[in-house]
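Q: Read in the UniProt record's numbering, the sequence shown has 201 at position 201, and its numbers run on one by one without any break. Don't be surprised by glycine CBs; every beta carbon is placed ideally from N, CA and C. Being a predicted model, the structure only gives us computed values, none of them experimental.
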Amino acid sequence: MPIDVIELTEGFEEPGIVSSNSDEKEIFETSDIETETQSTDNDLHAEEEPENLEIDQFREYFEQFSLQNKKSDFSGRVDHYNRAAFESFPAQESTTQKLARIQRELSELQSFDDTTLAEQEQINNLVGLHEKIETRSTERLNFIKSHWRDDDTGQTDVILPQLTFDFTLAHKFTKVEQKLAQIEGILGNKSAVSEQQKTIVSAMNELYRQIKLLKNENLLSSFGEKLEQIYKNYEESIVGRKAMKDNTVKKALISELDSCESKVNKIYGSYELLQRYEEILPHVIKRMKTLSNMQFEVGKSVSTVKDLSLSVNSLKDQSSKWQEIIGRIEQKLDEQENQFTINKSEICAWLDAVESRIKDLEEGGRDN
């Protein structure tokens, strides 16, 4: 803690102590304090005016630039003020904008009353020149518009390039097709040809395959066997589908598949099994019930243990955090205690010094 030590020099006099030099004259100095403070305030608030300020140059520079609002918020929120920004960019005037600006400036010059005759004549010349330029620009604009309009309403037809096609090969193909159609009409039935829409080659190939199949006996026998097998599989699939939908059909099929003797043998086998496990089954069922209950209870205990482990882990984390906080607090308390002892020693030393000074002053007053 920094301490300001008050030094008591020989020339220092407290209000309660009367100085020994009572023969000396007291001299008081006066001054105009208000004028001095006013002059200092004026000096502080005085602004330095630039010596050479070219206003026309700056005006010309800033007239060519524009400000664009970027990221500004006018909703009144305080937290959006740091996002407000403006960007400057050079403003490029069009011909119509320039003419309008010149017209405004000329009208302002004409409105002045303190212009001389020479200035008025110069203004009139400028007005005439402005009118000429404006009429010329309007004429040029009208000419361009009429030119584009004439271009739009001009030629509407599209001229295509001259192309020539050789149709001799196409005529040959059509003639060949006509001849084939005549041959097909002579050889075969017109109605069959018209219905099936088959050519002579396809019809001949089909007849050749049929004749070859009829003459081959081995192939016909294997083909018949395969056809019978396919038909049988098809019937079985139909019966199976019906059995899946209808229980009576299913039972009938099962009864057909299994004979009565096999059914009786199955019943006897199941009866022997029941007789063998008659005394054991109740105990086994009871044991299974108890095991299921035990499993349920074990599941509950496992879930509770998991919850306890999670809570213990959270408590461990919290205790570690508390230990860290307590360690920091103890460190801060030790630092503050050390600082307090240092400040206490400094204050005690300062008080001892002040007491010694006061004692010295009192002894000096008594001697005087």
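(1) For the alpha helix (DSSP H) that contains Thr304, what are its first and last residues?
(2) Starting from Thr95, trace the alpha helix (DSSP H) in both directions and tell me its first and last residue.
(3) Whole angstroms is fine: what's the gap from Asp367's alpha carbon to Asp360's?
(4) Can you tell me whether Phe223 is helix, strand or coil according to DSSP?
(5) Taking Leu99 and Glu134 to be in contact with their CB atoms under 8 Å, please state how far apart those CB atoms are, rounded to whole angstroms.
(6) Check the C-beta distance from His130 over to Gln97 and give it rounded, since I have them as a contact under 8 Å.
(7) Find out if the Cβ-Cβ distance for the pair Leu207, Leu213 is shorter than 8 Å.
(8) Once you ignore the five residues that flank Val127 on each side, which residues in its own chain have a CB closer than 6 Å to its CB?
(9) Output needed for Ser303: all residues of its chain with C-beta closer than 8 Å, excluding positions within five of it in sequence on either side, in chain order.
(10) Identify whether Glu54 lies in helix, strand or coil by the three-state DSSP scheme.
(11) Tell me whether the beta-carbon of Ile123 lies closer than 8 Å to the beta-carbon of Leu141.
(12) Helix, strand or coil for Asn216 per DSSP?
(13) Identify whether Phe167 lies in helix, strand or coil by the three-state DSSP scheme.
(14) Report back the beta-carbon spacing between Thr95 and Ser137 to the nearest angstrom; my notes put them in contact at under 8 Å.
(15) Would you tell me roughly how many angstroms separate the C-alpha atoms of Thr174 and Thr168, rounded to the nearest one?
(16) Can you have a look at Ala349 and say buried or exposed, based on whether 16 or more other CB atoms are within 10 angstroms of its CB?
(17) Straight-line CA distance for Lys251 to Ile267?
(18) Would you kindly work out how many angstroms separate the C-alpha atoms of Leu274 and Ser237, rounded to a whole number?
(19) Using the rule of at least 16 other Cβ atoms within 10 Å of the residue's Cβ for burial, across every protein chain shown, is Gly364 buried or exposed?
(20) Roughly how many whole angstroms lie between the Cα atoms of Ala118 and Asn125?
(21) Let me check understanding here. Comparing Cα to Cα, which of Glu184, Ser221, Val284 and Gln323 lies closest to Met204?
(22) With DSSP collapsed to three states, give me the class of Thr115.
A: In this structure, then:
(1) Indexing the sequence shown from 1 puts residue 304 at position 304. Ile280 to Asp367 is the span of the alpha helix (DSSP H), which, as asked, contains Thr304.
(2) Here residue 95 refers to the residue found at position 95 when the sequence shown is read from its first residue. First-last of the alpha helix (DSSP H) with Thr95: Thr95 to Ser111.
(3) Taking the sequence shown and counting its residues from 1, one reaches residue 367 at position 367. Taking the sequence shown and counting its residues from 1, one reaches residue 360 at position 360. Approximately 11 Å, taken between the alpha carbons.
(4) Here the question's residue 223 lines up with position 223 in the sequence shown. It is helical.
(5) As a working mapping, residue 99 is identified with position 99 in the sequence shown. As a working mapping, residue 134 is identified with position 134 in the sequence shown. Yes, they are in contact, since the Cβ atoms of Leu99 and Glu134 sit about 6 Å apart, within 8 Å.
(6) As a first step, residue 130 must be located in the sequence shown, where it is residue number 130. As a first step, residue 97 must be located in the sequence shown, where it is residue number 97. His130 to Gln97, Cβ: 14 Å. No contact.
(7) Looking up residue 207 in the sequence shown gives position 207. Looking up residue 213 in the sequence shown gives position 213. No.
(8) Reading the sequence shown from its first residue, position 127 is the one you call residue 127. Contacts found: Leu106.
(9) In the sequence shown, the residue the question calls residue 303 occupies position 303. Hits under 8 Å: none found.
(10) In the sequence shown, the residue the question calls residue 54 occupies position 54. Correct three-state label for Glu54: coil.
(11) In the sequence shown, residue 123 corresponds to position 123, counting from 1. In the sequence shown, residue 141 corresponds to position 141, counting from 1. It is not a contact, given that the beta carbons lie outside the stated cut-off.
(12) Residue numbering aside, residue 216 sits at position 216 when the sequence shown is read from its first letter. Three-state DSSP puts Asn216 in coil, outside helix and strand.
(13) Stepping through the sequence shown from its first residue, residue 167 is reached at position 167. DSSP places Phe167 in coil when its eight states are reduced to three.
(14) Your numbering for residue 95 matches position 95 in the sequence shown. Your numbering for residue 137 matches position 137 in the sequence shown. Between Ser137 and Thr95 the Cβ distance is about 6 Å, and since that is below 8 Å, they are a contact.
(15) As a working note, residue 174 is residue 174 in the sequence shown. As a working note, residue 168 is residue 168 in the sequence shown. Each residue's alpha carbon lies about 10 Å from the other.
(16) Within the sequence shown, residue 349 is the residue found at index 349, counting from 1. Exposed, by the Cβ-count rule.
(17) Here residue 251 is taken as the residue at index 251 of the sequence shown, counted from 1. Here residue 267 is taken as the residue at index 267 of the sequence shown, counted from 1. Roughly 17 Å separates the two Cα atoms.
(18) Residue mapping note: residue 274 aligns to position 274 of the sequence shown, counting from 1. Residue mapping note: residue 237 aligns to position 237 of the sequence shown, counting from 1. So the two alpha carbons sit approximately 38 Å from each other.
(19) If you number the sequence shown from 1, residue 364 lands on position 364. Answer is exposed; the Cβ neighbour count stays below 16.
(20) Locating residue 118 in the sequence shown gives position 118, where the first residue counts as 1. Locating residue 125 in the sequence shown gives position 125, where the first residue counts as 1. Rounded to the nearest angstrom, the two C-alpha atoms are 11 Å apart.
(21) Counted from its first residue, the sequence shown places residue 204 at position 204. Of the candidates Glu184, Ser221, Val284 and Gln323, the one whose C-alpha sits nearest the C-alpha of Met204 is Glu184.
(22) Working through the sequence shown from its first residue, we reach residue 115 at position 115. Three-state result, Thr115: coil.
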